[in-house]
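To keep things clear, I will list the structure first and then write my remarks on it.
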Amino acid sequence: MADGTKVALVTGANKGIGYAIARGLAARGVEVLLGARDAARRSAAVDRLAAEGVAVHGVGLDVTDPSTIAEVAAFVGDRHGRLDILVNNAGITGDETQTAGAGGLAEVRRVFDVNVFGVMAVTEAMLPLLLRSAGARIVNVSSSVGSLSDMTAPDGGYLAEMPAMLGYPVSKTALGAVTAQYAKHVRKDGILVNAVCPGYTATDLNGFAGDRTPEQGAAIAIEMALLPEDGPTAGFFDDAGRVAW
Ligand code: NAP
């Protein structure tokens with residue numbers, strides 16, 4: 001914007017961690033476009049924030065629907081002429097048919113469509129707008145369940161008791177590589193691209209079993225969205241620092 005206010009797009013921001021990221025960025029003076037695929041859930045989220053005195057603008061965005069992605073890109077171009085922050089937060093876990101040995105490739109594909117191809121599709125569409133920013137930031141909301149270091153730990157890592165799954169954890173591993181490739185692509189343009197893990201956060205994703213609040217989960221994404229010029233890129237971070245890929 002003309003006054004130097006940063007413009008951010010957050011995907012999957014009608015609830016959970018995305019909602020808290022949108023609220024946190026708006027509270028820090030960022031002009032937030034709250035992406036949500038469902039019109040009723042989107043306006044409810046925008047109204048809930050407005051009731052708290054936090055102004056955000058809702059945009060209809062299904063990360064698996066190219067037409068909504070193109071509409072949002074056109075809208076951002078017309079309204080702002082650029083995008084300073086993209087937070088790829090939308091994600092799904094999928095059901096138990098993704099368990100290794102169960103043969104549920106349809107479910108694996110569904111998870112990848114949102115968590116991997118959705119991120120690529122949105123990032124590709126927003127890239128021309130991000131390149132028009134003085135120093136854009138891309139934050140991909142991943143999970144340490146996608147850490148290859150952890151998966152291959154001799155003791156089975158911190159999720160050793162969970163069955164091996166081909167969908168959600170593998171999609172987050174792929175998201176790490178997507179993060180690295182985009183970081184490589186835009187390094188020369190001063191765009192910083194990082195992945196974050198919010199930690200085990202109480203949201204719909206896990207039946208609210210997580211032990212962190214959405215605000216705690218959102219904190220690392222907000223920090224990476226507002227990195228200074230000399231901040232890191234091609235990294236994976238949580239509240240404690242770097243996460244092993
Ligand atoms: P959540 O409460 O279930 O929120 C997920 C959001 O993604 C919702 O807004 C949902 O919209 C949206 N979404 C799903 N499919 C979409 C699509 N095709 N297009 C656009 N939006 C879509 O889950 P959350 O815990 O906040 O998860 C946010 C991110 O954090 C995810 O990437 C997740 O993998 C990651 N994460 C979460 C945890 C945790 O413990 N909660 C831990 C590590 C990583 P609808 O309401 O319309 O379904």
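Numbering (the working numbering), first residue to last: 1 to 245.
In this text, a Cβ means the ideal position worked out from N, Cα and C, and glycines have one as well.
Pairwise C-alpha distance: residue j and residue i
i, j, result
"residue 39", "residue 191", "31 Å"
"residue 70", "residue 178", "20 Å"
"residue 2", "residue 164", "Note that residue 2 scores 49 on pLDDT, short of 50, meaning its location in the model is unreliable; the coordinates nonetheless yield the value given after this. Cα to Cα, the separation comes out at about 50 Å."
"residue 106", "residue 142", "21 Å"
"residue 286", "residue 170", "Absent from the model: residue 286. The displayed extent of the chain is 1 to 245, so no value can be given."
"residue 20", "residue 214", "6 Å"
"residue 103", "residue 97", "7 Å"
"residue 147", "residue 23", "28 Å"
"residue 7", "residue 68", "19 Å"
"residue 129", "residue 219", "25 Å"
"residue 125", "residue 180", "18 Å"
"residue 309", "residue 151", "With the chain covering only 1 through 245, there is no way to say anything about residue 309."
"residue 41", "residue 154", "43 Å"
"residue 243", "residue 61", "29 Å"
"residue 160", "residue 186", "36 Å"
"residue 63", "residue 52", "28 Å"
"residue 133", "residue 84", "5 Å"
"residue 56", "residue 101", "44 Å"
"residue 202", "residue 80", "34 Å"
"residue 206", "residue 74", "34 Å"
"residue 211", "residue 236", "21 Å"
"residue 37", "residue 47", "16 Å"
Distance CB(residue i)-CB(residue j) smaller than 8 Å
i, j, result
"residue 233", "residue 183", "yes"
"residue 167", "residue 111", "yes"
"residue 50", "residue 14", "no"
"residue 131", "residue 78", "no"
"residue 30", "residue 18", "no"
"residue 119", "residue 140", "yes"
"residue 245", "residue 176", "yes"
"residue 82", "residue 227", "no"
Distance cut-off 7 Å: residue i Cβ against heavy atoms of ligand 2
i, result
"residue 11", "Ligand 2 is not among the ligands present in this structure, which contains only ligand 1."
Cβ separation of residue i and residue j, assumed to be a contact under 8 Å, to the nearest whole Å
i, j, result
"residue 123", "residue 89", "Going by Cβ atoms, the distance from residue 123 to residue 89 rounds to 13 Å, so no, they are not a contact pair."
"residue 204", "residue 16", "6 Å"
"residue 76", "residue 25", "Actually they do not touch by this definition, with Cβ atoms about 15 Å apart."
"residue 238", "residue 144", "7 Å"
Using 8 Å as the threshold, is the segment 85 to 96 in touch with the segment 114 to 127, meaning 3 or more CB pairs across them? yes
Tell me whether the segment 222 to 241 and the segment 193 to 211 touch, counting them as touching only if at least three CB pairs, one residue from each stretch, are closer than 8 Å. yes
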